[in-house]
Amino acid sequence: MELTAQTEGRVRQALREHDPLSVARYMATLQLGGPEPPGTEKINALARSMGWIEPAGQRLTSEGWAAADSFREYMFWRERDRELPFAKAAPDIVSQLLSGRSVLEIGSGSGINLMSLARLGTAAIGIEPIEAYRQMGAIFAEVEGLESIRAVAGAAERIPFESDKFDTVLCVSSHQYFDIQPALQEIYRVLRPGGEVLLISGSWSRFLFGQAHSLMGGAGSAKGYVITIVNTAAYMLLGRRLIFRRKKVSTSYPVYPSRRAMRSLLQKAGFDLAVPPQPLDGEVFFRARKPVRS
1 MELTAQTEGR
11 VRQALREHDP
21 LSVARYMATL
31 QLGGPEPPGT
41 EKINALARSM
51 GWIEPAGQRL
61 TSEGWAAADS
71 FREYMFWRER
81 DRELPFAKAA
91 PDIVSQLLSG
101 RSVLEIGSGS
111 GINLMSLARL
121 GTAAIGIEPI
131 EAYRQMGAIF
141 AEVEGLESIR
151 AVAGAAERIP
161 FESDKFDTVL
171 CVSSHQYFDI
181 QPALQEIYRV
191 LRPGGEVLLI
201 SGSWSRFLFG
211 QAHSLMGGAG
221 SAKGYVITIV
231 NTAAYMLLGR
241 RLIFRRKKVS
251 TSYPVYPSRR
261 AMRSLLQKAG
271 FDLAVPPQPL
281 DGEVFFRARK
291 PVRS
């Protein structure tokens, strides 16, 4: 999925003519199913002219969902003062492993974390397979007065960079969509000796019980919940998913391996675990180092 040159130009113009945060809040509200905010008639007309809202009603089109994903990320970024999502909870990680370092973010989406890293003086590059997200990221960087962030097409299982290139590889809520074992082998390859990988995502127990609670409250998808449980169990036992999503933007449903399973996967890829897995704002943070070989 990608934006045409015409649509890309119209988005740039629209964000010069409208408050970008207001547009972001409007699109996020539609995606999350909330009521249309008052005083947003012009933004509604803009979204319809872009083909982001179906002609009848307020439902987002497939292009609208992709745009809303990007705008929702941008909205959250602005609301947390343009910082990384874990900056306040783990300032030592930011200062030691990200600030001023050579960083690769895998699954960089709309470039929100790349913009935070750019503000820290970090030489960061993103990998993102969806063209529309990369295009939206470039637009957001322009809106923020930052030099165009760099994100390239690629996948975690086939990283398009040479070996021993990066100080740090960052994955925020993304590695659950990878084929994790080959992805970790690729991450190991592109890290310099002594470099570290940081993996931050939801945990198996949080998904299992948190999503069950949501389902009891009438939210979420029971089908998706069951598929994720099946796929996660299969991945931990067999090293592969059993059910794939072939016709969607994402190539497969997520998996949430347990802490023990993730530790095993990291060790099989050759990493030394720098610290034990740690809770981080309701998620789990894994930190592992590529050994320095004598």
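Under full-length UniProt numbering, the letters of the sequence shown match residues 1 to 294, in that order.
C-beta atoms are modelled at their ideal positions from N, C-alpha and C, and glycine is treated no differently.
All of these numbers come straight from a predicted model, not from anything done at the bench.
Would you mind working out which of the options sits nearest residue i, comparing C-alpha positions?
| i | options | result |
| --- | --- | --- |
| residue 200 | 216, 262, 140 | 262 |
| residue 18 | 93, 158, 126, 46 | 46 |
| residue 207 | 229, 187, 195 | 229 |
| residue 225 | 239, 238, 37, 204 | 204 |
| residue 114 | 59, 172, 91 | 172 |
| residue 84 | 69, 120, 289 | 120 |
| residue 291 | 189, 232, 233, 238 | 189 |
| residue 40 | 55, 52, 51, 27 | 27 |
| residue 191 | 1, 255, 210, 169 | 169 |
Would you mind reading off the limits of the beta strand (DSSP E) that contains residue i?
| i | result |
| --- | --- |
| residue 230 | From DSSP, residue 230 is part of no beta strand (DSSP E) but of the alpha helix (DSSP H) over 222 to 238. |
| residue 201 | 191 to 201 |
| residue 275 | 272 to 280 |
| residue 168 | 166 to 172 |
| residue 126 | 123 to 127 |
| residue 102 | 102 to 106 |
Flag this pair as yes or no: are the beta carbons of residue i and residue j separated by less than 8 Å?
| i | j | result |
| --- | --- | --- |
| residue 66 | residue 181 | no |
| residue 283 | residue 135 | no |
| residue 71 | residue 23 | yes |
| residue 102 | residue 123 | yes |
| residue 30 | residue 3 | no |
| residue 110 | residue 82 | no |
| residue 186 | residue 153 | no |
| residue 286 | residue 279 | no |
| residue 118 | residue 137 | no |
Closer than 7 Å to a non-hydrogen atom of the ligand GTP - does that hold for the CB of residue i?
| i | result |
| --- | --- |
| residue 199 | Because no ligand of any kind appears in the structure shown, any question about the ligand GTP cannot be addressed here. |
At what residues does the alpha helix (DSSP H) containing residue i begin and finish?
| i | result |
| --- | --- |
| residue 137 | 131 to 143 |
| residue 255 | Premise fails: residue 255 is in no alpha helix (DSSP H) and is neither H nor E. |
| residue 152 | That residue, residue 152, is in no alpha helix (DSSP H); its beta strand (DSSP E) goes 150 to 152. |
| residue 289 | Run containing residue 289: none in the alpha helix (DSSP H); it sits in the beta strand (DSSP E), 283 to 289. |
| residue 13 | 5 to 17 |
| residue 32 | 20 to 32 |
task: Inspect the CB distances between the region 176 to 194 and the region 32 to 49 and report whether three or more fall short of 8 Å.
output: no
query: Does the region 140 to 148 come within contact of the region 120 to 131, defined as at least 3 CB pairs closer than 8 Å?
result: no
field: At least three beta-carbon pairs within less than 8 Å, the region 184 to 195 to the region 157 to 165
entry: yes
Runs of beta strand (DSSP E) wholly within the region 49 to 79 (minimum 3 residues, chain order): none
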